[in-house]
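Residue numbers (full-length UniProt numbering): 1 to 404.
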């Protein structure tokens with residue numbers, strides 16, 4: 001009689017320093033290299049996995065129960081369906097369970113397969129997270145082979161060929177291929193999504209990796225949105241006669257994307273149109289204003305990040321996803337820091353004094369995450385209302401009603 005034996009590993013995660021983690025394969029079969037980060041959100045894994053800002057990354061979820069509410073077509077965030085998902089892989093502690101939620105349309109494992117996302121379960125994600133916090137975000141390769149027989153030569157060759165995110169322009173990989181219009185508004189309980197039928201304003205958004213819920217939040221403010229590719233010129237934008245201009249989130253190194261985006265943004269700043277940037281859009285705006293960006297040690301990835309709005313003194317809990325940041329000390333005179341991370345003091349927002357231009361590093365659209373920062377979309381469209389001589393909306397309607 002033979003003794004009990006462990007089943008062979010069907011998935012691997014190998015880091016650039018040689019660290020080797022074994023586990024159970026989930027999702028697509030194959031292997032992919034990327035930068036390994038961790039995300040601390042407790043909800044919204046499907047939104048995270050379809051956020052184009054994660055292009056080139058392997059996500060380690062610190063929350064242990066990923067997949068328990070399944071997957072559906074409503075919680076997808078990427079707009080460019082041809083790109084499917086920017087994320088290279090996913091690392092989990094526990095195996096994916098059968099879903100238990102009325103909105104679930106399929107099991108997460110099947111959904112990962114369809115989107116060609118390689119995954120590994122059974123990893124000590126606490127230990128991996130601690131390693132990233134101490135040593136920074138490493139390059140790694142994730143592999144899934146149901147037989148347990150890995151072609152490690154091919155796997156390690158892919159890891160060696162991965163250049164890392166510094167100097168990498170990924171916006172061109174996730175942006176829309178053509179101009180389109182957006183008029184869908186936010187999801188409501190029992191109603192789903194709706195369509196904006198009577199737009200008051202026209203916003204042109206430059207898509208560096210835009211998320212759907214950002215566009216919905218703009219539509220909620222009464223704006224029809226025209227979305228242009230990342231490589232759009234200032235002339236392309238102004239040809240649509242916008243009331244305001246939005247710079248979207250996105251992946252990669254802002255300095256690399258900035259080689260073609262910064263000159264466009266600088267020309268658009270001269271038009272006098274209100275401008276608002278989020279995440280990569282914020283970083284590109286900082287570069288266009290003369291600031292600098294730098295790679296972060298571990299990045300900010302989660303839905304529980306405290307940020308202070310220096311213009312009001314209020315603290316909000318925000319959703320963040322970025323591995324680069326604007327250096328606040330590099331901002332020139334006339335550009336003020338408006339928001340700051342209370343985790344590490346890094347820059348989280350800026351504004352141009354005397355001009356209707358501002359941006360934030362975090363994700364106010366709350367997908368996933370809290371809705372503390374939805375007021376920023378009101379602040380943005382209020383700049384348009386002011387230019388048109390219209391009455392402004394209160395930035396915090398609930399607070400305004402309470403005061404009344």
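Note that the Cβ used here is the ideal one computed from N, Cα and C, for glycine as well.
Contact between the segment 28-38 and the segment 139-150 is established, with three or more Cβ pairs separated by less than 8 Å. Taking one beta carbon from each stretch, the segment 13-25 and the segment 115-130 have 3 or more pairs nearer than 8 Å; the two touch. Judged by DSSP in its simplified three-state form, residue 146 adopts coil rather than helix or strand. The beta strand (DSSP E) runs of length 3 or more contained entirely in the segment 143-203 are, from start to end of the chain, 180-182. Bounds of the beta strand (DSSP E) holding residue 275 are 275-278.
In the displayed model, residue 42 falls within coil according to three-state DSSP, outside both helix and strand. Below 8 Å, too few C-beta pairs join the segment 353-360 and the segment 297-304 to call them touching: fewer than three. Shown here for residue 375: same chain residues with a beta carbon closer than 6 Å to its own, the five before and five after excluded, namely 395 and 396 in chain order. Rounded to the nearest whole angstrom, the CA to CA distance from residue 161 to residue 16 is 11 Å. At the C-beta level, residue 195 and residue 183 come within 9 Å of one another. For residue 262, the enclosing alpha helix (DSSP H) begins and ends at 254-269. Within 10 angstroms of the beta-carbon of residue 197 lie fewer than 16 other beta-carbons, which makes it exposed. When the five nearest sequence neighbours on each side are left out, the beta carbons in the same chain lying within less than 8 Å of the beta carbon of residue 69 are those of 99, 100, 101, 103 and 104, in order along the chain. With respect to the C-alpha of residue 154, the residue from 166, 141 and 163 having the closest C-alpha is 141. Your pair residue 36 and residue 138 checks out as a contact, with CB atoms roughly 5 Å apart and the cut at 8 Å. As computed with DSSP, residue 316 is found in a beta bridge with 307.
Taking the Cα of residue 14 as reference, the smallest distance to any Cα among 219, 152, 114 and 263 is reached at 152. Membership of residue 72 in any beta strand (DSSP E) is not indicated, and neither H nor E is assigned to it by DSSP. Put simply, the segment 209-222 does not touch the segment 282-293. Fewer than three CB pairs are less than 8 Å apart.
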